[in-house]
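S.K.: Chains as they are written, first to last, in the working numbering: chain E, 178 to 453; chain G, 59 to 352.
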Amino acid sequence: MKGRIDWPAHVVLGFGVLLFLLPIWLVLAGSTLQPDEVARGELSLIPRLSGLDVYARVLIEGSPGTGPVWRMLLVSFCMAMSIAIGKLAISILSAYAIVFFRFPFRMAAFWVIFITLMLPVEVRIIPTFTVMSDMSLINTFPGLTVPLIASATATLLFRQTFLAIPDELFEAARMDGAGPWRFLRDILIPVSATNIAALFVIQFVYGWNQYLWPLLVATDPKLDTIVIGIVKMIGGETQTEWNRVMATAVLALLPPISVVVLMQKWFVKGLTESNK
Amino acid sequence: MERRTIFSDRLLPILLVLPQLAITIVFFLWPTGQAIWLSLTRADPFGIRVQFVGLENFWDLFADPLYTATVLRSIFFCALVAAISLGLAMLLAVAADREIAFRRFYRIFLIWPYAIAPAVAAVLWILLLHPQIGLIGRWLNALGLGWDYKINGGQAMLVVILASAWKEISYNFIFLLAGLQSISASVVEAARMDGARGFFRFRTVTLPLLMPTVFFLLVVNLVYAAFDTFGTIWAMTSGGPGKATETLVIKVYRDGIVNQDIGSSSAQSVVLMIGVIALTALQFRFLGRRSGGE
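Take a look at the structure:
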């Protein structure tokens, strides 16, 4: 086999790469064109460097009917970070409690957390909205993030990781007189560093990409995430400035893609090991 | 499995699970209970008195031809999204599993699309398929095909299926490639020695060994297609034209939030919940078998 080029595989993979790269490239090139050129359908695949100032303009001004894009990026970033860090923190703590301690209703607590797997937001839209407004969390940043922080998958994953830690490690820590906090900080967290990194990527992307939840609980334009903002931009069909929409699409894609590409190794490992 | 070694604190562990438990109860269990209760009640037209009506909302729902049409449409949509996405991902994973040049390059370029938001995928596909400005859309019209997914229901369905399936290819690719790589090289080598080659070897040796991954992905894809595609569909067509792309989740959102029909929307939520529970149960039953087999 050596030395021969595997043409069928290259053709298939090349097709796959183009399938994703082409739309992105089109948007990148399109963002640098004049809005009326795009509206006439004169999309070109060659970007025009002089049109790059559209990025400065959307960042500062936004698009007709929306706020500035820098603000949406900031909201999205804070939301994604809060959700990712929040999920990791409360999942590590609850898995720690369930694995290393004995307390009343321990298994009941485990099942209550587990059951959230089966209750995505989409199936309980109305009552969740009611609870949110009863707690006056509509149009607040905590309302945007806190309810999404509960995570059965992360808890299950950390539980598995903790269960697999050899007893010797634990005994050694006990001999050294390590208390519960030191054990968590000095042993459990370093040992599960790979899982934490992988889950961070998965949850950051999850938080960044939310659409239904912010649509439901944040109608205030000040709390528009970038995903909400971009859909708003294409809503008013007639006056859509397509170059601004495309520039915003590029800006919306950059952060989650960077996180995935930079942390690819851990991300792939963590994803396939945690089975979601 | 239980750990032998434990700390003896009593209060600490309760404090540790409390945040997770509180969020779960307040934002998951309580609203779910509410949904079940609301689905069994009906408010008078002025919203003043609420009356317990048993399963009436459910009977109404299933007697409504619009609802059964939406159920069938959703099944059609989910099946095609899962099939297209899994099929293409399988093709790519098999190719990427081979010993070829640039394999690291190919992998990175097939993994990053995991990061694309469903709603942003919609925007990208609008820019491709828009009848006036889209690269492909204009080309289809130049061929005289009368392309306009804003008017033509069948075309609208095609568009949301393509955009939704496209977005999920990366996820499937990651799992299928990992699955292929975990198949022992000696098994494949033995099959090669026995003269099994090409598609025959794939069908008789590789695919059966990969079946657990494929089945797991099938369930995940169905859940994705049923729930996570809300952003894609809402941004592209809002369920239209007419009801051409209205899936169950779009309908819950329309009836509950836009039209404020709480009883029916809650009943629909409960039906969806039963669907998720069934799919999750299926997944765990099968996952149990897989970890037992390895």
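Backbone N, C-alpha and C define an ideal beta-carbon position, used for all residues, glycine too.
1. Using a C-beta to C-beta distance shorter than 7 Å, which residues of chain G count as neighbours of ARG301(E)?
2. DSSP three-state call for PHE257(G): helix, strand or coil?
3. Under 8 Å, Cβ to Cβ, is there at least one residue of chain E near ALA153(G)?
4. Chain E partners of THR82(G), CB-CB under 7 Å?
5. So MET249(E) and ASP401(E) are in contact, right, with Cβ under 8 Å, and what is the actual spacing, rounded?
6. Throw me the rounded Cβ distance for the VAL204(E) and ALA426(E) pair, which I believe falls under 8 Å.
7. Could you list which residues in chain G have their beta carbon closer than 9 Å to that of ASP213(E), in chain order?
8. Strictly under 8 Å for the Cβ-Cβ distance: is TYR388(E) near chain G by that measure?
9. My output table needs one value for ARG225(E): the three-state DSSP class, helix, strand or coil.
10. Kindly identify the DSSP beta-bridge partner or partners of GLN109(G).
11. Are the C-beta of GLY300(G) and some C-beta of chain E separated by less than 8 Å?
12. So what does DSSP say about PHE65(G), is it helix, strand or coil?
13. Examine the Cβ distances between the segment 71 to 86 of chain G and the segment 326 to 340 of chain E and report whether three or more of them are shorter than 8 Å.
14. Are the CB atoms of THR305(G) and THR128(G) nearer to each other than 8 Å?
15. Does chain G have any CB closer than 8 Å to the CB of VAL194(E)?
16. Run the CB neighbour count on LEU334(E), radius 10 Å, all protein chains shown included, and call it buried at 16 or more, exposed below.
17. Got a sec, what are the start and stop residues for the alpha helix (DSSP H) THR322(E) sits in?
18. Is it right to say ILE169(G) is buried, meaning 16 or more other beta carbons lie within 10 angstroms of its own, or is it exposed?
19. For the segment 229 to 240 of chain G, list every residue whose C-beta sits within 7 Å of some C-beta in chain E, in sequence order.
20. Among all the DSSP beta bridges, which residues are the ones paired with PHE278(E)?
21. Mind pulling the chain G residues with CB within less than 8 Å of PRO200(E)?
22. Looking at chain E, which residues of the segment 283 to 294 of chain G have a Cβ within less than 7 Å of any of its Cβ atoms?
23. Measuring CA to CA, which of THR271(G), ILE227(G) and ASP286(G) is closest to ALA147(G)?
24. For a contact defined as C-beta to C-beta under 9 Å, what are the partners of SER268(E) on chain G?
25. For ILE308(G) and TRP184(E), what's the separation of their Cα atoms in angstroms?
26. Determine the direct distance from the alpha carbon of GLN441(E) to that of PHE167(G), and round the result to whole angstroms.
27. Return helix, strand or coil for PRO432(E), following the three-state DSSP convention.
28. Spatial neighbours of GLY385(G) within its chain, please: C-beta separation below 8 Å, excluding the five flanking residues on both sides.
29. Mark THR396(E) as exposed unless 16 or more other C-beta atoms lie within 10 angstroms of its C-beta, in which case mark it buried.
30. Have a look at ALA254(G) and VAL245(G) and give me their C-alpha separation to the nearest angstrom.
31. Taking the C-alpha atoms as reference points, what is the distance between GLN109(G) and MET295(E)?
32. Under a three-way DSSP split, which group does PRO343(E) fall into?
33. By the criterion of Cβ-Cβ separation under 7 Å, what are the contact partners of ILE335(G) in chain E?
34. Mind listing the chain E neighbours of THR338(G)? Cutoff is C-beta to C-beta under 7 Å, in chain order.
35. Of all Cβ atoms in chain E, is any one closer than 8 Å to the Cβ of SER143(G)?
36. Does the CB of GLN441(E) have a neighbour CB from chain G at under 8 Å?
M.R.: On the basis of the data shown:
1. Position 124 of the first sequence, counted from the start, is the residue given in the question as residue 301(E). PRO89, THR90, ALA93 and SER327, listed in chain order.
2. Reading the second sequence from its first residue, position 199 is the one you call residue 257(G). Looking at PHE257(G) - three-state DSSP - the assignment turns out to be helix.
3. Sequence index remark: in the second sequence, residue 153(G) carries index 95 (1-based). Yes, contact with chain E.
4. For the purposes of this step, residue 82(G) is taken as residue 24 along the second sequence, with counting starting at 1. Going along chain E in sequence order, the residues near THR82(G) (Cβ under 7 Å) are VAL289, ILE290, THR293 and ALA327.
5. For the purposes of this step, residue 249(E) is identified with residue 72 of the first sequence, where counting begins at 1. For the purposes of this step, residue 401(E) is identified with residue 224 of the first sequence, where counting begins at 1. About 5 Å separates the two Cβ atoms, so the contact holds.
6. The residue given as residue 204(E) occupies position 27 in the first sequence. The residue given as residue 426(E) occupies position 249 in the first sequence. Correct: roughly 5 Å between the Cβ atoms.
7. Indexing the first sequence from 1 puts residue 213(E) at position 36. Here the premise fails: no neighbours, minimum Cβ distance about 11 Å.
8. By one-based count along the first sequence, residue 388(E) stands at place 211. Chain G contact via Cβ: present.
9. For this step, residue 225(E) is matched to residue 48 along the first sequence. Note: ARG225(E) maps to coil in three-state DSSP.
10. For the purposes of this step, residue 109(G) is taken as residue 51 along the second sequence, with counting starting at 1. BP columns for GLN109(G) point to ARG100(G).
11. Looking up residue 300(G) in the second sequence gives position 242. Not an interface residue.
12. Counted from its first residue, the second sequence places residue 65(G) at position 7. Here PHE65(G) sits in strand by DSSP.
13. yes
14. Here residue 305(G) corresponds to residue number 247 of the second sequence, with the count starting at 1. Here residue 128(G) corresponds to residue number 70 of the second sequence, with the count starting at 1. It is a contact, given that the beta carbons lie within the stated cut-off.
15. The residue labelled residue 194(E) in the question sits at position 17 within the first sequence. At least one chain G Cβ lies under 8 Å of VAL194(E).
16. Locating residue 334(E) in the first sequence gives position 157, where the first residue counts as 1. Result: buried.
17. The count along the first sequence starts at 1 and reaches residue 322(E) at position 145. It spans 318 to 322 - the alpha helix (DSSP H) in which THR322(E) sits, taken as one unbroken run.
18. Position 111 of the second sequence holds residue 169(G). Label assigned to ILE169(G): buried.
19. ILE232, PHE233 and ALA236
20. What you label residue 278(E) is simply residue 101 of the first sequence in a count that begins at 1. PHE65(G).
21. Walking along the first sequence from the start, residue 200(E) turns up at place 23. Under the 8 Å cutoff, chain G gives LEU182, TRP183, LEU185 and LEU186.
22. PHE285, PHE288, GLY289 and ALA293
23. On the second sequence, residue 147(G) is found 89 positions in, with the first residue counted as 1. Checked all of THR271(G), ILE227(G) and ASP286(G); the closest Cα to ALA147(G) is ILE227(G).
24. One-based indexing of the first sequence puts residue 268(E) at position 91. GLN78, listed in chain order.
25. Here the question's residue 308(G) lines up with position 250 in the second sequence. Here the question's residue 184(E) lines up with position 7 in the first sequence. Straight-line Cα distance between these residues: approximately 44 Å.
26. As a first step, residue 167(G) is located in the second sequence; it is residue number 109 there, counting from the start. As a first step, residue 441(E) is located in the first sequence; it is residue number 264 there, counting from the start. The alpha-carbon atoms of PHE167(G) and GLN441(E) are separated by roughly 11 Å.
27. One-based indexing of the first sequence puts residue 432(E) at position 255. Helix, per DSSP.
28. A query on residue 385(G) cannot be resolved here, the shown segment of chain G reaching from 59 to 352 and no further.
29. Residue mapping note: residue 396(E) aligns to position 219 of the first sequence, counting from 1. The residue in question, THR396(E), is exposed, as its Cβ has fewer than 16 Cβ neighbours within 10 Å.
30. Counted from its first residue, the second sequence places residue 254(G) at position 196. Counted from its first residue, the second sequence places residue 245(G) at position 187. When rounded, the distance between both Cα atoms is 11 Å.
31. Residue numbering aside, residue 109(G) sits at position 51 when the second sequence is read from its first letter. Residue numbering aside, residue 295(E) sits at position 118 when the first sequence is read from its first letter. For GLN109(G) and MET295(E), the distance between alpha carbons rounds to 28 Å.
32. The residue you call residue 343(E) lines up with position 166 of the first sequence. Correct three-state label for PRO343(E): coil.
33. Numbered from its first residue, the second sequence carries residue 335(G) at position 277. The contacting residues are MET295.
34. Counting from 1 along the second sequence, the entry for residue 338(G) is found at position 280. LEU294 and MET295, listed in chain order.
35. Within the second sequence, residue 143(G) is the residue found at index 85, counting from 1. So, not an interface residue.
36. In the first sequence, counting from the first residue as 1, residue 441(E) sits at position 264. Yes, because at least one Cβ of chain G sits closer than 8 Å to the Cβ of GLN441(E).
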